[in-house]
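Report on the structure given below.
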């Protein structure tokens, strides 16, 4: 049996209230009030497509053996780097080693489903793969997209060990139907009228792929238990389902009012939402739309019940923080030229040889354990830090990304430059050993105190806007947030 | 066992510029202001100085690198000049170089000068700067108050001190230093404040508020040192000598190993004990007349009282609130206003402390003159509580 072996999800904790978007913009477009129900997920300043992909990947690896992963695909249309393979950064942060194939797949809202078909059709290779889709799309202020889109990531394991959803077949239909686009020099999308996109796009492309798949697999539309069609048009999935003869109850909720459409990641996020509750034997039809359509048919197996991840879609959705501040959202997305103060002007050059020397520590959060005395230390240095030991070159790699810790000392710094002041940081002591003075993120006022439990997360450390670079490192988050 | 530095070197003259927002003054202006006072006090010509140690902490924002800024500013006669930088211990480090040179017999008369020109940077607080290519990749972007504020969380956790009580003791420290600084004509901040003002000021880094922070100042201080014999030959009586000069640098233990709880300064404890040994001090509380400690933030002064053995562990809040370190208390601390109000031009601070000792010993401290001080302890801390350089000097009457 071949198919999906694991899944994971990540949704940024911050949920911008749509009423805040409407309050700021309805003066020029009163129709925004009609969309202002619920909330959407938004990246923190230190989150992007890569960091969300790492989080979703970690969730997926809670049930998947990292050592088995031989391929990593990253699907996104908002990759932070145009030339620096983003999937390599993700693979190193996930400590997947150096002997695997990595690939970035982009340029369409169905890049995730196309990548999935590619991996599922590679059954003969028999290699376990990890597919992560992640998206952090920027939108114009006061646009419909700003209301309807969200940020998020999802991950799928593909292989033959521990199949939770068996692969039954796929079909694709391609056509250069341009409902929206983003050219080489543009940062924001340009889009066309919804009704045309529905009638000439969804309603033609999706049936073209789905009907072929149903025919090819001998499946009746009415037998589909879960129909995933990511769309920022609230009623379109149901309209398409009806046209296909799929039962209305099978249409999977798009989560427009509590998450927002996370671009190419949304197909996999919605699949994760299905897998959070699906039962053995149920049929899942996963579609992707964008310059045509992909359709994938899966059958849930008995194994699913034993292979649900730590977080999943529901867990990621439930872990939230209400954001009422529209200006902060604009600032984090570089949509306003915000005052950063002279302290923010310090040159942020990244010295690549130094970064490369320390990549295991910086990207993988790998410390050292002394062979002579057992002391765990991060970062590793030449000499063991234990004053009673001091052995030279005695440390073995000691991955610490998943180690829980506790706050030893901390502060909330309002003087230093930070995109989201105050800057929280402090000394973290890790379970089993090792300590580090490190940044905290996602801290709500009053949530940090000496002794508070924290977990560590891969985040953006700093932007070098002068050169278009960004540095990543690990930060601590209070465990209950 | 080394004999140590005690009484081998005396101060021939000292000088200190006015500290503050010296918009008018270049680094060279500050240096000559301190130096002219110093050389007049020493009563010698510039040509008698055989070597100089030059301290400046934050090169990029003021004087620039190397020995040249000092040598050029003072038109020194091509003597050896050594530039030193050891963060906030820089001034003491310059002094240590000059003192050791004289003690070794390598020269008879040496100059130590520290300077910092911070106020050209365009904002309050210390200049934002790189911590080095590799450190910048993972260190938090911590400000000075952000790093020292953590002492408060560590101290509260260890001793179970109430947040409000600790904040009140911190406020008391600042109120005391402002009262002292108001009496010092060279001080940066010369206005008295109330405990309520200190308690209610906006947070800079929790729980450090505006009045818990020292002044960031322009300024310079210097000393000319020689041997007791030469000082006497030059007609000096009432000599002031060096009793101890110690430095302790972190080695990563606090930052990366398990036995430091964040509530105290490990290097201060080490340097203090070494300094007491070097000076032959057995009972610090009975023998030390005054301290000038590194009160970059009020919380630093509070824990330092314990680290110097001047308060029992866990009792500094009580002792501070009891007024033990006020001008009229058992061991006055920052009688000149301290970093808090005299100001903190990084490279000059260690020498500014010694300057105050010197004035007090010679009865020249004006409105803030203490009655019969015998021994003074000065303490600097450069860096962060979890990784730092501590310098301690003990200065006293040459008896």
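Chains as they are written, first to last, in our numbering: chain A, 22 to 502; chain B, 844 to 1242. We treat Cβ as the ideally placed atom computed from N, Cα and C, and that holds for glycine.
Going along chain A, which residues have a C-beta under 7 Å from residue 1229(B)?
Under the 7 Å cutoff, chain A gives 448 and 458.
Tell me the residue span of the beta strand (DSSP E) that contains residue 805(B).
Past the edges of chain B, shown from 844 to 1242, lies residue 805(B), and the structure says nothing about it.
Could you tell me whether the Cβ atoms of residue 293(A) and residue 28(A) are closer together than 7 Å?
Yes; because the gap between Cβ atoms is below 7 Å, this pair is in contact.
Within the chosen definition, does the region 37-46 of chain A reach the region 105-115 of chain A through at least 3 CB pairs nearer than 8 Å?
no
To which residues of the same chain is residue 1020(B) closer than 6 Å at the C-beta, ignoring the five residues directly before and after it?
1177, 1180, 1181, 1183 and 1184
Any C-beta of chain B within less than 7 Å: which residues of the region 374-386 of chain A qualify?
375, 376, 379 and 383
Between the region 1213-1223 of chain B and the region 908-923 of chain B, can you find at least three pairs of beta-carbon atoms closer than 8 Å?
no
With 8 Å as the C-beta to C-beta threshold (strictly closer), list the residues of the region 1012-1041 of chain B near chain A in chain order.
none
If we ignore side chains and look at the alpha-carbon of each, how far apart do residue 1047(B) and residue 396(A) end up?
36 Å
I need the boundaries of the beta strand (DSSP E) containing residue 418(A), first residue and last residue.
416-420
Give a yes or no on whether the minimum CB-CB distance between residue 1047(B) and chain A is below 7 Å.
yes
Are the beta-carbon atoms of residue 996(B) and residue 471(A) separated by less than 7 Å?
yes
Pull up the CB-CB distance for residue 282(A) and residue 169(A), whole angstroms please, since I reckon it's below 8 Å.
6 Å
Taking the DSSP output, what are the residues bridged to residue 213(A)?
Beta-bridge pairing links residue 213(A) to no other residue.
Check each residue of the region 970-993 of chain B: if its Cβ is closer than 9 Å to any Cβ of chain A, include it; give the result in chain order.
970, 971, 972, 973, 976, 977, 979, 980, 981, 982, 983, 984, 985, 986, 987, 988, 989, 990, 991, 992 and 993
If you measure from the beta carbon of residue 1159(B) to each beta carbon in chain A, is any gap under 7 Å?
no
How about residue 1061(B) and residue 926(B): do their beta carbons lie closer than 7 Å?
In this structure, residue 926(B) does not lie closer than 7 Å to residue 1061(B) by Cβ.
So which of 906(B), 889(B), 857(B) and 1036(B) has the shortest CA-CA distance to residue 1189(B)?
Its Cα nearest to that of residue 1189(B), the residue 906(B) stands out among 906(B), 889(B), 857(B) and 1036(B).
With the cut-off set at 7 Å, would you say residue 380(A) and residue 965(B) are in Cβ contact?
Residue 380(A) places its beta carbon 7 Å or farther from that of residue 965(B).
For the region 1049-1059 of chain B against the region 850-860 of chain B, do three or more pairs of beta-carbon atoms, one drawn from each stretch, fall closer than 8 Å, so that the two count as touching?
no
Could you check which residue in 102(A), 152(A) and 89(A) has the C-alpha nearest to that of residue 69(A)?
For residue 69(A), the nearest C-alpha among the options comes from 102(A).
Does the distance from the C-beta atom of residue 46(A) to that of residue 56(A) stay below 7 Å?
no
Do you know how far the Cα of residue 208(A) is from the Cα of residue 313(A)?
Take the alpha-carbon of residue 313(A) and the one of residue 208(A): they are about 23 Å apart.
Which whole runs of the beta strand (DSSP E) in the region 1127-1160 of chain B are 3 residues long or more, in chain order?
1133-1135
Compare the C-alpha of residue 420(A) against each of 473(A), 446(A), 454(A) and 139(A) and name the closest.
454(A)
Name the residues in the region 107-138 of chain A whose C-beta lies less than 9 Å from a C-beta of chain B; which are they?
none
Measuring only the C-alpha atoms, how far is residue 1040(B) from residue 1058(B)?
Taking the straight line from one Cα to the other gives about 16 Å.
Exposed or buried, which one is residue 1248(B) when buried takes at least 16 other CB atoms within 10 Å?
There is no way to answer for residue 1248(B), as the model of chain B reaches only from 844 to 1242.
Measuring alpha carbon to alpha carbon, tell me which of 253(A), 184(A), 340(A) and 24(A) ends up nearest residue 500(A).
The option with the nearest alpha carbon to residue 500(A) is 340(A).
Counting pairs of Cβ atoms below 8 Å between the region 231-242 of chain A and the region 211-220 of chain A, do you hit three or more?
No, the region 231-242 of chain A is not in contact with the region 211-220 of chain A.
Label residue 300(A) either buried or exposed according to how many other C-beta atoms from any shown protein chain fall within 10 Å of its C-beta, with 16 as the threshold for buried.
exposed
Quick check: the region 483-494 of chain A against the region 86-100 of chain A, are there 3 or more CB pairs under 8 Å?
Not touching, per the Cβ criterion.
Taking the alpha-carbon positions, what's the residue 1022(B) to residue 992(B) distance?
23 Å
Can you name the residues of chain A whose CB is closer than 8 Å to the CB of residue 1262(B)?
Nothing in the structure corresponds to residue 1262(B), since chain B is present only between 844 and 1242.
In chain order, which continuous runs of the beta strand (DSSP E) of length 3 or greater are located wholly inside the region 405-477 of chain A?
416-420, 426-434, 444-451 and 456-460
Using a cut-off of 9 Å between C-beta atoms, extract the partners of residue 1098(B) located in chain A.
406, 448, 456, 457 and 458
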